[in-house]
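For reference, the structure discussed in these notes is given below.
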Amino acid sequence: DLFRLSFAGTLWELTSIEPFVEGVKRLAERAPVLAERLEIVLAGRRAGRQDEFIDRLQGLPCKTVRLGYLEHTDAIRLMTTSDALLLLLSDLPHADRVISSKVFEYMAAKRPIFAVSPDGDQCDVLREHPGATICSPRDPEGIAEALALRLEEHRCGVTPSAVDWDFGRFERQAQTEQLAELL
Numbered sequence: 577d578l579f580r581l582s583f584a585g586t587l588w589e590l591t592s593i594e595p596f597v598e599g600v601k602r603l604a605e606r607a608p609v610l611a612e613r614l615e616i617v618l619a620g621r622r623a624g625r626q627d628e629f630i631d632r633l634q635g636l637p638c639k640t641v642r643l644g645y646l647e648h649t650d651a652i653r654l655m656t657t658s659d660a661l662l663l664l665l666s667d668l669p670h671a672d673r674v675i676s677s678k679v680f681e682y683m684a685a686k687r688p689i690f691a692v693s694p695d696g697d698q699c700d701v702l703r704e705h706p707g708a709t710i711c712s713p714r715d716p717e718g719i720a721e722a723l724a725l726r727l728e729e730h731r732c733g734v735t736p737s738a739v740d741w742d743f744g745r746f747e748r749q750a751q752t753e754q755l756a757e758l759l
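Note that the numbering used here gives residue 738 to position 162 of the sequence shown, counting from 1, and the numbers run on in steps of one.
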């Protein structure tokens, strides 16, 4: 009955988990029974203070699983077997122009996406995805509320329609065709 929310990639300054952790802490304070249903799986490298931020989850009712680097096939397996995928982008200068390649891998996995990202180009792409939840890194209360909603939907058996969504226009061939038309 756990809601598995997974991140696959590198956690560092540009993809800091700190805002998400603050949201989880608020969720745990406000709704510990819901927080018990959350399993956070973090696969990949962690740089700088990211492990310190993750350590703040200790003692909370949610379950946290730290994995190291995964081979690509194992990372894909993790993504496709998760209930949702965690996408992180820090609110740093010029981050509004960043679109992580992870967005497209997550879309290809056909899983709901829980994004903690500043408004900008990445959010513009995510808004087209019917299974995307977008929260601002500056709003830990909003992150907690969105997590509570996803957890409650999961408990009730409601799943966003990410599985049925056609992301074909983001595939390399379609993008190349668009570029060729422009040129």
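Built from N, CA and C at the ideal position, the CB exists for glycine as well. Note that this is a predicted model, so its numbers are computed, not measured.
CA-to-CA distance, residue j to residue i, given in whole angstroms
i	j	result
isoleucine 609	leucine 759	Note on residue identity: the sequence assigns valine, not isoleucine, to residue 609. For valine 609 and leucine 759, the distance between alpha carbons rounds to 55 Å.
glutamine 626	proline 716	17 Å
alanine 623	isoleucine 630	12 Å
valine 597	glutamate 757	44 Å
glutamate 549	lysine 601	Any property of residue 549 remains undetermined from this structure, which presents the chain solely from 577 to 759.
glutamate 721	arginine 613	15 Å
leucine 661	glutamate 728	17 Å
lysine 678	threonine 586	10 Å
serine 658	cysteine 699	21 Å
serine 760	leucine 755	Any property of residue 760 remains undetermined from this structure, which presents the chain solely from 577 to 759.
isoleucine 719	proline 694	12 Å
alanine 691	cysteine 711	6 Å
alanine 685	histidine 648	13 Å
arginine 621	glutamine 749	30 Å
threonine 735	proline 669	34 Å
glycine 707	glutamate 628	30 Å
leucine 654	glutamate 753	31 Å
glutamine 751	tyrosine 682	17 Å
Whole-Å CB distance - residue i paired with residue j, under 8 Å assumed
i	j	result
alanine 671	leucine 665	6 Å
alanine 611	leucine 636	6 Å
arginine 673	aspartate 697	6 Å
leucine 643	valine 617	7 Å
leucine 578	lysine 639	7 Å
alanine 619	phenylalanine 583	7 Å
glycine 599	leucine 723	6 Å
Residue i, enclosing beta strand (DSSP E) - first and last residue
i	result
threonine 640	639 to 643
arginine 632	Here arginine 632 belongs to no beta strand (DSSP E), and DSSP marks it neither H nor E.
threonine 709	708 to 711
leucine 581	579 to 584
valine 692	689 to 692
Per-residue burial, residue i [other beta carbons within 10 Å of its own, 16 or more giving buried]
i	result
glutamate 594	buried
glutamine 634	exposed
alanine 709	Checking the displayed sequence, the identity of residue 709 turns out to be threonine instead of alanine. Label assigned to threonine 709: buried.
aspartate 650	exposed
glycine 733	exposed
alanine 604	buried
valine 641	exposed
histidine 705	buried
proline 688	buried
arginine 731	exposed
Limits of the alpha helix (DSSP H) - the one that residue i falls within
i	result
isoleucine 719	716 to 731
alanine 756	748 to 758
valine 701	697 to 702
Contact test: residue i Cβ vs the ligand GTP heavy atom, cutoff 7 Å
i	result
valine 600	What this structure holds is no ligand at all, so the ligand GTP is not there to describe.
Exercise for review: Enumerate, from N- to C-terminal direction, the unbroken alpha helix (DSSP H) stretches of 4 or more residues contained entirely within the segment 650 to 685.
Suggested key: 678 to 684
Review point. Quick one: complete beta strand (DSSP E) runs, 3+ long, within the segment 591 to 625?
Key: Listed in chain order, the beta strand (DSSP E) elements of length 3 or more contained wholly in the segment 591 to 625 are 614 to 619.
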